Amino acid sequence: MSRVAAINLRVGVDKRDTLARAADLIARAAADGARFVALPECFVGKYGVARFPEHAESLDATDDESGCGVLAAAARRHGVTTTGGVIERADGRLWNSMPVFGPDGALVTNYRKVHLSRVLGITSESDVLEAGEATTAYDVDDFRVGAACCFDLRFPEWLRRYGPRGARPADVLCAPSAFLDVTGKPHWDLLLRRTALDAQAYVVAPNVAYDDADEVPLHGRSAIVDPWGDVLAQTAADADDIAIADVSRERTDEVRRKLPLGSWPE
(Lines of atoms letter the chains of each structure in order from A and count residues from 1; the text may use other names and numbers.)
(Lines give C-alpha, C1' and ligand atoms only; values in the text may rest on other atoms or scores of the structure.)
Protein backbone atom coordinates (compact mmCIF):
# COMPACT_ATOMS: atom_id res chain seq x y z
CA MET A 1 0.00 0.00 0.00
CA SER A 2 1.27 3.46 -0.88
CA ARG A 3 -0.23 6.92 -1.09
CA VAL A 4 -0.19 9.07 -4.25
CA ALA A 5 -1.25 12.64 -4.96
CA ALA A 6 -2.41 14.55 -8.05
CA ILE A 7 -2.09 18.31 -7.73
CA ASN A 8 -4.70 20.68 -9.13
CA LEU A 9 -2.73 23.91 -9.70
CA ARG A 10 -3.94 27.35 -10.71
CA VAL A 11 -1.11 28.47 -12.99
CA GLY A 12 -0.78 32.24 -12.94
CA VAL A 13 1.16 34.92 -14.80
CA ASP A 14 3.43 35.41 -11.77
CA LYS A 15 5.90 32.56 -12.16
CA ARG A 16 7.41 32.90 -8.68
CA ASP A 17 3.99 32.77 -7.06
CA THR A 18 2.94 29.73 -9.12
CA LEU A 19 6.09 27.81 -8.27
CA ALA A 20 5.87 28.74 -4.58
CA ARG A 21 2.31 27.43 -4.43
CA ALA A 22 3.37 24.27 -6.29
CA ALA A 23 6.10 23.65 -3.71
CA ASP A 24 3.62 24.23 -0.89
CA LEU A 25 1.14 21.76 -2.38
CA ILE A 26 3.85 19.10 -2.65
CA ALA A 27 4.72 19.73 1.00
CA ARG A 28 1.07 19.37 2.02
CA ALA A 29 0.71 16.12 0.07
CA ALA A 30 3.89 14.71 1.61
CA ALA A 31 2.70 15.71 5.09
CA ASP A 32 -0.46 13.70 4.39
CA GLY A 33 1.61 10.63 3.63
CA ALA A 34 1.99 10.77 -0.17
CA ARG A 35 5.05 8.95 -1.51
CA PHE A 36 4.47 10.04 -5.12
CA VAL A 37 3.30 13.57 -5.99
CA ALA A 38 2.45 14.71 -9.52
CA LEU A 39 1.98 18.26 -10.76
CA PRO A 40 0.17 19.14 -14.02
CA GLU A 41 1.55 19.50 -17.52
CA CYS A 42 3.21 22.89 -18.21
CA PHE A 43 2.85 23.94 -14.58
CA VAL A 44 5.56 26.62 -14.75
CA GLY A 45 3.62 29.19 -16.80
CA LYS A 46 0.41 29.78 -18.67
CA TYR A 47 -0.35 27.11 -21.26
CA GLY A 48 -0.15 28.22 -24.90
CA VAL A 49 1.94 27.59 -28.00
CA ALA A 50 3.11 31.22 -28.13
CA ARG A 51 4.14 31.08 -24.47
CA PHE A 52 6.13 27.83 -24.48
CA PRO A 53 9.51 29.33 -25.48
CA GLU A 54 9.43 31.96 -22.73
CA HIS A 55 9.24 29.43 -19.89
CA ALA A 56 11.40 26.68 -21.42
CA GLU A 57 14.18 25.30 -19.24
CA SER A 58 16.93 22.71 -19.07
CA LEU A 59 16.29 19.51 -17.13
CA ASP A 60 19.38 20.24 -15.03
CA ALA A 61 18.00 23.59 -13.80
CA THR A 62 18.31 23.81 -10.03
CA ASP A 63 17.05 27.29 -9.12
CA ASP A 64 13.72 27.95 -7.43
CA GLU A 65 12.45 29.78 -10.52
CA SER A 66 12.47 26.62 -12.63
CA GLY A 67 10.03 23.74 -12.63
CA CYS A 68 12.81 21.17 -12.41
CA GLY A 69 14.42 23.03 -9.53
CA VAL A 70 11.16 23.04 -7.59
CA LEU A 71 10.44 19.36 -8.29
CA ALA A 72 13.96 18.25 -7.34
CA ALA A 73 14.15 20.35 -4.18
CA ALA A 74 10.71 19.21 -2.99
CA ALA A 75 11.52 15.56 -3.67
CA ARG A 76 14.75 15.81 -1.67
CA ARG A 77 13.22 17.88 1.16
CA HIS A 78 10.28 15.55 1.73
CA GLY A 79 11.80 12.21 0.68
CA VAL A 80 9.20 11.59 -2.05
CA THR A 81 9.14 11.06 -5.81
CA THR A 82 7.87 14.02 -7.82
CA THR A 83 6.95 14.66 -11.43
CA GLY A 84 5.23 17.35 -13.48
CA GLY A 85 5.26 18.92 -16.90
CA VAL A 86 7.86 21.43 -18.10
CA ILE A 87 8.88 22.76 -21.50
CA GLU A 88 12.30 21.22 -21.95
CA ARG A 89 14.95 23.06 -23.96
CA ALA A 90 17.81 20.94 -25.32
CA ASP A 91 20.03 21.32 -28.38
CA GLY A 92 18.02 24.30 -29.59
CA ARG A 93 14.74 22.36 -29.58
CA LEU A 94 11.71 22.20 -27.28
CA TRP A 95 9.81 19.22 -25.86
CA ASN A 96 6.76 18.88 -23.65
CA SER A 97 8.45 16.83 -20.94
CA MET A 98 7.64 15.11 -17.65
CA PRO A 99 10.87 14.74 -15.64
CA VAL A 100 10.80 12.48 -12.57
CA PHE A 101 12.86 13.17 -9.44
CA GLY A 102 13.52 10.57 -6.76
CA PRO A 103 13.62 11.02 -2.98
CA ASP A 104 17.28 12.09 -3.18
CA GLY A 105 16.38 14.90 -5.59
CA ALA A 106 18.16 13.24 -8.54
CA LEU A 107 16.59 12.96 -11.99
CA VAL A 108 15.27 9.40 -12.39
CA THR A 109 13.98 9.59 -15.96
CA ASN A 110 12.18 11.91 -18.36
CA TYR A 111 9.15 11.32 -20.56
CA ARG A 112 8.75 13.44 -23.70
CA LYS A 113 5.12 13.71 -24.80
CA VAL A 114 4.54 11.53 -27.85
CA HIS A 115 1.12 12.76 -29.03
CA LEU A 116 1.30 16.55 -29.32
CA SER A 117 -2.08 18.22 -28.92
CA ARG A 118 -4.06 19.54 -31.83
CA VAL A 119 -7.55 20.49 -30.64
CA LEU A 120 -10.35 22.36 -32.41
CA GLY A 121 -7.93 24.79 -33.95
CA ILE A 122 -7.21 26.02 -30.41
CA THR A 123 -3.86 24.38 -29.77
CA SER A 124 -1.25 22.96 -32.12
CA GLU A 125 1.76 22.00 -30.04
CA SER A 126 3.66 20.59 -33.00
CA ASP A 127 4.05 24.13 -34.35
CA VAL A 128 6.81 24.71 -31.78
CA LEU A 129 7.48 21.41 -29.99
CA GLU A 130 9.22 18.19 -30.95
CA ALA A 131 7.36 14.92 -30.39
CA GLY A 132 8.75 12.25 -28.11
CA GLU A 133 9.31 8.78 -29.51
CA ALA A 134 8.90 6.24 -26.72
CA THR A 135 6.97 5.11 -23.68
CA THR A 136 8.70 5.63 -20.34
CA ALA A 137 8.25 3.75 -17.08
CA TYR A 138 9.92 3.92 -13.69
CA ASP A 139 9.65 2.50 -10.19
CA VAL A 140 8.27 4.26 -7.13
CA ASP A 141 8.77 2.09 -4.06
CA ASP A 142 7.46 -1.30 -5.28
CA PHE A 143 5.12 0.16 -7.92
CA ARG A 144 5.76 0.41 -11.66
CA VAL A 145 4.61 3.77 -13.04
CA GLY A 146 3.94 4.38 -16.73
CA ALA A 147 4.22 7.92 -18.06
CA ALA A 148 1.72 9.69 -20.31
CA CYS A 149 0.54 13.26 -20.83
CA CYS A 150 -2.87 14.78 -21.58
CA PHE A 151 -3.50 14.17 -25.32
CA ASP A 152 -1.85 10.75 -25.00
CA LEU A 153 -5.03 9.66 -23.20
CA ARG A 154 -6.81 9.63 -26.57
CA PHE A 155 -4.62 6.82 -27.93
CA PRO A 156 -5.62 3.56 -26.23
CA GLU A 157 -3.59 1.36 -28.57
CA TRP A 158 -0.46 3.21 -27.49
CA LEU A 159 -1.42 3.21 -23.81
CA ARG A 160 -2.00 -0.55 -23.84
CA ARG A 161 1.79 -1.00 -23.80
CA TYR A 162 1.52 -0.19 -20.09
CA GLY A 163 -1.36 -2.64 -19.59
CA PRO A 164 -1.58 -6.37 -18.86
CA ARG A 165 -0.42 -7.28 -22.38
CA GLY A 166 2.76 -5.26 -22.01
CA ALA A 167 6.18 -6.77 -21.41
CA ARG A 168 6.19 -5.31 -17.88
CA PRO A 169 2.74 -3.99 -16.95
CA ALA A 170 2.48 -0.77 -14.98
CA ASP A 171 0.61 -0.55 -11.69
CA VAL A 172 0.02 3.18 -12.09
CA LEU A 173 -0.29 5.45 -15.12
CA CYS A 174 0.59 9.08 -14.42
CA ALA A 175 -0.74 11.63 -16.91
CA PRO A 176 0.06 15.27 -16.07
CA SER A 177 -2.34 17.39 -18.12
CA ALA A 178 -3.37 20.85 -19.25
CA PHE A 179 -6.72 19.57 -20.48
CA LEU A 180 -9.01 22.13 -22.13
CA ASP A 181 -12.28 22.89 -20.38
CA VAL A 182 -14.22 22.82 -23.65
CA THR A 183 -13.24 19.19 -24.22
CA GLY A 184 -12.79 18.34 -20.56
CA LYS A 185 -16.45 18.65 -19.71
CA PRO A 186 -17.49 15.77 -21.99
CA HIS A 187 -14.22 13.81 -22.13
CA TRP A 188 -11.94 14.16 -19.06
CA ASP A 189 -13.58 11.77 -16.60
CA LEU A 190 -14.46 9.34 -19.40
CA LEU A 191 -10.86 9.17 -20.67
CA LEU A 192 -9.40 8.68 -17.20
CA ARG A 193 -11.79 5.86 -16.36
CA ARG A 194 -11.35 4.17 -19.74
CA THR A 195 -7.57 4.35 -19.41
CA ALA A 196 -7.77 2.74 -15.96
CA LEU A 197 -10.03 -0.02 -17.28
CA ASP A 198 -7.92 -0.72 -20.36
CA ALA A 199 -4.63 -0.78 -18.44
CA GLN A 200 -6.18 -2.37 -15.34
CA ALA A 201 -4.06 0.10 -13.41
CA TYR A 202 -4.45 3.20 -11.28
CA VAL A 203 -4.49 6.53 -13.12
CA VAL A 204 -3.01 9.61 -11.45
CA ALA A 205 -4.10 12.68 -13.41
CA PRO A 206 -3.08 16.14 -12.20
CA ASN A 207 -4.55 18.97 -14.27
CA VAL A 208 -4.20 22.73 -14.50
CA ALA A 209 -7.02 24.46 -12.64
CA TYR A 210 -9.82 26.33 -14.38
CA ASP A 211 -9.30 30.10 -14.60
CA ASP A 212 -12.08 32.15 -16.19
CA ALA A 213 -9.56 34.87 -17.00
CA ASP A 214 -7.79 32.57 -19.47
CA GLU A 215 -8.51 33.05 -23.16
CA VAL A 216 -8.84 29.28 -23.36
CA PRO A 217 -9.65 27.95 -19.86
CA LEU A 218 -8.40 24.57 -18.70
CA HIS A 219 -10.53 22.01 -16.91
CA GLY A 220 -9.01 21.25 -13.50
CA ARG A 221 -10.76 18.37 -11.69
CA SER A 222 -7.53 16.47 -11.05
CA ALA A 223 -8.27 12.86 -10.17
CA ILE A 224 -7.08 9.43 -9.13
CA VAL A 225 -8.91 6.41 -10.59
CA ASP A 226 -8.52 2.78 -9.56
CA PRO A 227 -8.10 -0.27 -11.85
CA TRP A 228 -11.85 -0.98 -11.71
CA GLY A 229 -12.62 2.48 -13.05
CA ASP A 230 -13.76 3.93 -9.73
CA VAL A 231 -12.81 7.55 -9.03
CA LEU A 232 -11.03 7.45 -5.66
CA ALA A 233 -10.38 11.18 -5.32
CA GLN A 234 -11.09 14.28 -7.37
CA THR A 235 -10.60 18.00 -6.85
CA ALA A 236 -12.89 20.82 -7.86
CA ALA A 237 -12.14 22.72 -11.05
CA ASP A 238 -10.91 26.15 -10.13
CA ALA A 239 -8.51 26.22 -7.20
CA ASP A 240 -5.27 24.82 -5.84
CA ASP A 241 -6.11 21.46 -4.34
CA ILE A 242 -4.89 17.89 -3.90
CA ALA A 243 -6.47 14.59 -4.93
CA ILE A 244 -4.90 11.96 -2.71
CA ALA A 245 -5.52 8.23 -2.43
CA ASP A 246 -3.93 4.93 -1.46
CA VAL A 247 -2.87 2.53 -4.21
CA SER A 248 -2.41 -1.18 -3.73
CA ARG A 249 -0.69 -3.89 -5.76
CA GLU A 250 -3.22 -6.30 -4.28
CA ARG A 251 -6.05 -4.32 -5.90
CA THR A 252 -4.35 -4.30 -9.29
CA ASP A 253 -3.67 -8.04 -9.06
CA GLU A 254 -7.28 -8.69 -8.00
CA VAL A 255 -8.70 -6.84 -11.02
CA ARG A 256 -6.34 -8.63 -13.40
CA ARG A 257 -7.38 -11.99 -11.93
CA LYS A 258 -11.08 -11.20 -12.30
CA LEU A 259 -10.63 -10.00 -15.89
CA PRO A 260 -7.50 -11.70 -17.23
CA LEU A 261 -7.18 -9.50 -20.33
CA GLY A 262 -3.53 -10.39 -20.72
CA SER A 263 -4.34 -14.05 -21.37
CA TRP A 264 -6.50 -13.40 -24.46
CA PRO A 265 -4.92 -13.64 -27.91
CA GLU A 266 -4.48 -10.48 -29.95
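All residue numbers for the sequence shown refer to my numbering, where the first residue is -12 and numbers rise by one. For every residue, glycine included, the Cβ atom is placed at its ideal position computed from N, Cα and C. In this text the structure is predicted, and so the values were computed from the model without any measurement.
Quick one: what's got a C-beta closer than 8 Å to Asp158's C-beta in the same chain, skipping five residues either side? Phe130, Arg131, Val132, Ala188, Tyr189, Val234, Arg236, Thr239
Exposure of Asp11, with buried meaning 16 or more beta-carbon neighbours within 10 Å: exposed
Backbone CA spacing between Ala7 and Thr70 [nearest angstrom]: Distance between the alpha carbons of Ala7 and Thr70: 16 Å.
Return the bridge partner residues of Ser53 from the DSSP annotation. In the DSSP output, where bridge partners are listed per residue, Ser53 has none listed.
Answer yes if the segment 99 to 116 comes into contact with the segment 29 to 42, meaning at least three C-beta pairs across the two stretches below 8 Å, and no otherwise. yes
Inter-residue spacing [alpha-carbon to alpha-carbon] between Val218 and Val191: 10 Å
Between the segment -7 to 7 and the segment 15 to 31, do at least 3 Cβ pairs fall closer than 8 Å? Here the segment -7 to 7 lies against the segment 15 to 31, with 3 or more beta-carbon pairs under 8 Å apart.
Distance, Ala16 Cα to Ala210 Cα: 14 Å
At which residue ranges does the segment 55 to 90 contain complete beta strand (DSSP E) runs of 3 or more residues, listed in the order of the chain? 68 to 70, 73 to 77, 80 to 88
In angstroms, rounded to a whole number, what distance separates the CA positions of Thr49 and Asp176? 35 Å
If you follow the alpha helix (DSSP H) that Asp240 is in, where does it begin and where does it stop? 236 to 245
Endpoints, the beta strand (DSSP E) within which Gly216 is located: Per DSSP, Gly216 lies in no beta strand (DSSP E) and is assigned neither H nor E.
Just to confirm before moving on: does the CB-CB distance between Arg147 and Leu178 stay below 8 Å? no
So Leu107 and Phe88 are in contact, right, with Cβ under 8 Å, and what is the actual spacing, rounded? Not really, about 34 Å apart at Cβ, beyond 8 Å.
Alpha carbon to alpha carbon, how far is Gly(-1) from Gly72? Give it in angstroms, no decimals. 15 Å
Would Asp228 and Thr222 be called neighbours here (beta carbons separated by less than 8 Å)? yes
Any chance you could list the beta strand (DSSP E) runs of at least 3 consecutive residues sitting entirely within the segment 134 to 187, in chain order? 159 to 161
Give the DSSP bridge partners of Ala(-8), in chain order. Val24, Ile231
Using a 10 Å radius around the Cβ and a threshold of 16 neighbouring Cβ atoms, would you call Trp82 buried or exposed? Flag for Trp82 reads buried.
I need the DSSP call for Asp11, collapsed to helix, strand or coil. helix
Quick one, which of Asp126, Arg155, Thr122, Val127 has its alpha-carbon nearest Pro143's? Looking at the Cα atoms, Thr122 is the closest of the given residues.
Spatial distance of Lys172 from Asp47 (CA atoms): Cα-Cα distance, rounded: 36 Å.
Go ahead and pull the three-state DSSP assignment for Asp114. When DSSP states are grouped into helix, strand and coil, Asp114 belongs to the helix group.
Enclosing beta strand (DSSP E) for Leu248 [first to last residue]: Premise fails: Leu248 is in no beta strand (DSSP E) and is neither H nor E.
Arg208 burial status per 10 Å Cβ neighbour count (16 or more: buried): buried
How would you write the range of the beta strand (DSSP E) that Val195 sits in, first residue to last? Judged by DSSP secondary structure, Val195 falls outside any beta strand (DSSP E); it is assigned neither H nor E.
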